[in-house]
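Our numbering applies: residue 46 is where the sequence shown begins, and numbers increase by one.
Yeah, the Cβ is synthetic: ideal placement off N, Cα and C, and Gly gets one too.
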Amino acid sequence: MQIMNVNIDQQMISKIENNDRIVTDYELACFCIILKIDEKKLLKDFYDSLD
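Shown next, in the form of structure tokens:
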């Protein structure tokens, strides 16, 4: 994340994992690049819940 100029540390990631912090749009985009997954695939359950 730091290589992509996103300042996020282990404590912030732990808060995200525990639902104590939201993920911003640019963080989500970076997570998708790092995990090599399409945003729509990652958010499939969310999109399905909107139907």
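TODO: Any chance you could list the alpha helix (DSSP H) runs of at least 4 consecutive residues sitting entirely within the region 65-93, in chain order?
DONE: 70-80, 84-87
TODO: Check I53 in the structure and name its three-state DSSP category.
DONE: coil
Open item on the list: Please tell me whether C77 and L87 are closer than 7 angstroms, where the distance is taken between their beta carbons.
Closed with: yes
Task: R66 to I58 span [Cα, whole Å] - done: 9 angstroms
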